[in-house]
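In mature numbering (1 follows the signal peptide of the UniProt record, and there is no 0), the protein residues as written are -31 to -1, 1 to 363.
Glycine is no exception: its CB is placed at the ideal position from the N, C-alpha and C atoms.
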Amino acid sequence: MQHKHTTLRRARLALLIGAFGTLGAAGAAHADISVGVILSLTGPAASLGKPAENTVRLWPSEIAGQKLKLIVLNDNSDPTEAAKAASKLINEDKVDVIVGPSLTPPSIAAMEVAGRNATPIIALGGGNAIIEPQEGPRKWAFKMAAPEALSVEKVVEHMAAHKVKNAAVIAVTTSYGEGFLKAFSAQAPGKGITLSAVERIGAQDISATSQVIKVLAAKPDAVYIMSFGTPGATPHIELVKRGYKGLIYQTHGIANADFLRVGGKEVDGAYLAVAPVLVAEQLPAQNPVKAPAMEYVTKYESQNGPGTRSQFGSTAWTALNWLQAAAPVALKNAQPGTPQFRQALRDALEGMHEVASPEGVFNMSPGNHNGLDGRGQVMARIVSGKWTLDQDAK
């Protein structure tokens, strides 16, 4: 029974997309572009992985005239499981590219496996440690979430505009939280903001009482919570219940409907720098992200209901946009299922120019495997349980 449970947990879900009923039968194996997808469908990051799974269901049956074969595995929000999934996809399923995992630590684990096996990986995790420094296995890794420095820059500017002089941080004890803390610690002094307290919280902690008590003792003008998914709601709710009246900021790691559901009215008023897709309808008409963001939101919410969009679904759509841009270039040099195609696909991803998606506009280079600029972040606020573009932010 234990073996059966473990096998299920590792997601021999093998969602060869035909199982979704949307992609039809695959053609000859040598003609398919084979994509392995690793997502956190269970565990602390399930609220991130499930929207991505729903998005993959919306992918087309072909890319660049080639049949698309997808194999989706669950890493249970665990780096060890992610590494095992990557190894299976590469060695057994012979995929051309990996998309995922959902979180930064599993993405790093999968990246190590993919890079050692000369297989490109489009990570959905947010931390820059996935792609930096650009050497060794990381030469095969790409990720689309905004770099911590770009996201933090928006927040620091917002704090300065709202006369914040000292701020406290509650950071999740992963590379994701550490990356944001490092960026904030570097940028805040330049805007005259003192870091008055730093507290850590585990992703699976069910209470944040001790951390919040210590933060409140520092009397900060603002609190910046650096976490992801529904775990990001725990310290936020505690702050509000204990009467904190200052500004509360979150990272783009909580940009999904489950966070709003779990946080309820307590998270109203929170600010975050986030991908434009979250407020797609509110973007100016001339914004280059508006059209692709609205295309995705319309497709996704027509299947999953109004208000169900999330940044973690849109990253999976951005991965599709990247493959649609890179695959035609790679196919000029090699056929899917070969080492030459994997190399050509890596090179084509690295050469992408002005590729617009719901996450922003991407320009890659050998030294930059993220490629996002300021067009990939807006300041948003939670108002009455909805994502709202902050019109006063820069």
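Legend entry - Sequence-distant residues of its chain with Cβ nearer than 7 Å to I99 (five each side left out): Within its own chain, the residues whose Cβ lies closer than 7 Å to the Cβ of I99, once the five positions on either side in sequence are excluded, are T73, S76, I77, M80, A92, A110 and K112, listed in chain order.
Inset, instruction - Take P253 as the anchor and find which of K234, Q173, E22 and R344 has the nearest alpha-carbon. - result: Between P253 and the set K234, Q173, E22 and R344, the nearest pair of CA atoms involves R344.
Inset, instruction - With DSSP collapsed to three states, give me the class of R350. - result: In the three-state reduction of the DSSP assignment, R350 falls in the strand class, which pools E and B.
Inset, instruction - Report buried or exposed for I194, applying the criterion of at least 16 other Cβ atoms within 10 angstroms of its Cβ. - result: Of the residues assessed, I194 falls on the buried side of the cut-off, its CB having 16 or more other CB atoms within 10 angstroms.
Legend entry - Per-residue burial, H(-29) [other beta carbons within 10 Å of its own, 16 or more giving buried]: Residue placement at H(-29) cannot be trusted, given a pLDDT of 43 that sits under 50; what the coordinates show is reported in the next sentence. By the neighbour-count rule (16 or more Cβ atoms within 10 Å), H(-29) is not buried but exposed.
Inset, instruction - Please name the residue in G69, A15, K38 and D65 whose C-alpha comes closest to that of R315. - result: Nearest of G69, A15, K38 and D65 to R315, Cα basis: D65.
Inset, instruction - Would you decide whether Q180 is buried or exposed? Buried here means 16 or more other CB atoms lie within 10 Å of its CB. - result: With 16 or more Cβ atoms within 10 Å of its Cβ, Q180 is classed as buried.
Inset, instruction - Within 10 angstroms of the Cβ of I182, are there 16 or more other Cβ atoms? Answer buried if so, exposed if not. - result: Label assigned to I182: exposed.
Inset, instruction - Return helix, strand or coil for R26, following the three-state DSSP convention. - result: In this structure, R26 counts as coil in the three-state DSSP scheme.
Inset, instruction - Tell whether a beta-carbon distance below 9 Å holds between V192 and W356. - result: Taking the C-beta atoms as reference points, W356 is found no nearer than 9 Å to V192.
Legend entry - Among P20, K160, E147 and A262, the one whose alpha carbon lies nearest that of P327: The option with the nearest alpha carbon to P327 is A262.
Inset, instruction - Determine which residues share a DSSP beta bridge with N332 and list them. - result: According to DSSP, N332 bridges with nothing at all.
Inset, instruction - Less than 8 Å between the CB atoms is what I'm expecting for L341 and P116, so what's the real figure, rounded? - result: Between P116 and L341 the Cβ distance is about 7 Å, and since that is below 8 Å, they are a contact.
Inset, instruction - Assign F228 to one of three DSSP states: helix, strand, or coil. - result: Judged by DSSP in its simplified three-state form, F228 adopts helix.
Legend entry - Strand pairing of S3, partner residues [DSSP]: The partner list for S3 (beta bridge, DSSP) reads K38.
Inset, instruction - Quick one: grab the DSSP three-state call for G(-11). - result: Only weak support exists for where G(-11) lies, its pLDDT of 38 falling under 50; the coordinates are left without a value.
Inset, instruction - Quick one: grab the DSSP three-state call for A186. - result: Here DSSP, grouped into helix, strand and coil, assigns A186 to helix.
Legend entry - N43 beta carbon less than 9 Å from that of A282: Before going further, note that residue 282 is Gly rather than Ala in the sequence given. A distance of 9 Å or more separates the beta carbons of G282 and N43.
Inset, instruction - Just the C-alpha distance for F310 and A118, rounded to the nearest angstrom, thanks. - result: C-alpha separation (whole angstroms): 33 Å.
Inset, instruction - Might you give, ordered along the chain, the residues of its own chain that have their beta carbon closer than 6 Å to the beta carbon of H(-2), omitting 5 neighbours on each side? - result: Because the pLDDT of H(-2) is 47, which lies under 50, any placement of that residue in the model is unreliable, and the question is left without a value.
Legend entry - Which of helix, strand or coil DSSP assigns to Y193: Note: Y193 maps to strand in three-state DSSP.
Inset, instruction - Determine the burial state of T203: buried for a count of at least 16 other Cβ atoms within 10 Å of its Cβ, exposed for fewer. - result: When all chains shown are included, T203 counts as buried.
Inset, instruction - Could you check what DSSP says for V246 in three-state terms: helix, strand or coil? - result: Looking at V246 - three-state DSSP - the assignment turns out to be helix.
Inset, instruction - Would you mind sorting K268 into buried or exposed? The rule is 16 or more other CB atoms within 10 Å of its CB. - result: With a 10 Å radius around the Cβ and a threshold of 16 neighbouring Cβ atoms, K268 comes out exposed.
Legend entry - M321 and A294 closer than 9 Å at C-beta: The Cβ atoms of M321 and A294 sit closer than 9 Å to each other.
Legend entry - C-alpha distance - R350 paired with L241, whole-angstrom precision: When rounded, the distance between both Cα atoms is 6 Å.
Legend entry - Top-ranked residue by Cα proximity to N86, from Q156, V298, G105 and G95: In terms of CA proximity to N86, G105 leads the group Q156, V298, G105 and G95.
Legend entry - Classification of I175 by the beta-carbon crowding that lies within 10 angstroms, buried from 16 upward: Burial state of I175 is exposed, judged by a 10 Å Cβ sphere holding fewer than 16 other Cβ atoms.
Legend entry - Complete beta strand (DSSP E) runs within the stretch 108 to 190 (minimum length 3 residues, chain order): The qualifying runs are 110 to 112, 135 to 141 and 163 to 170.
Inset, instruction - On the DSSP bridge assignment, give the partners of N45 in chain order. - result: According to DSSP, N45 shares a beta bridge with no other residue.
Legend entry - Same chain, Cβ closer than 8 Å to H205, five either side skipped, listed in chain order: The beta carbon of H205 is closer than 8 Å to those of I194, I217, Q219, G232, E235, V236 and A239 in its chain, skipping five residues each way along the sequence.
Inset, instruction - Note down, in chain order, each residue of its chain lying with its Cβ closer than 8 Å to the Cβ of K160, except the 5 sequence neighbours on either side. - result: Same-chain partners within the cutoff: V125, E126, M128 and A129.
Inset, instruction - State the Cα-Cα distance for the pair S46 and E207, rounded to the nearest angstrom. - result: Straight across, the Cα-Cα distance linking S46 with E207 is about 25 Å.
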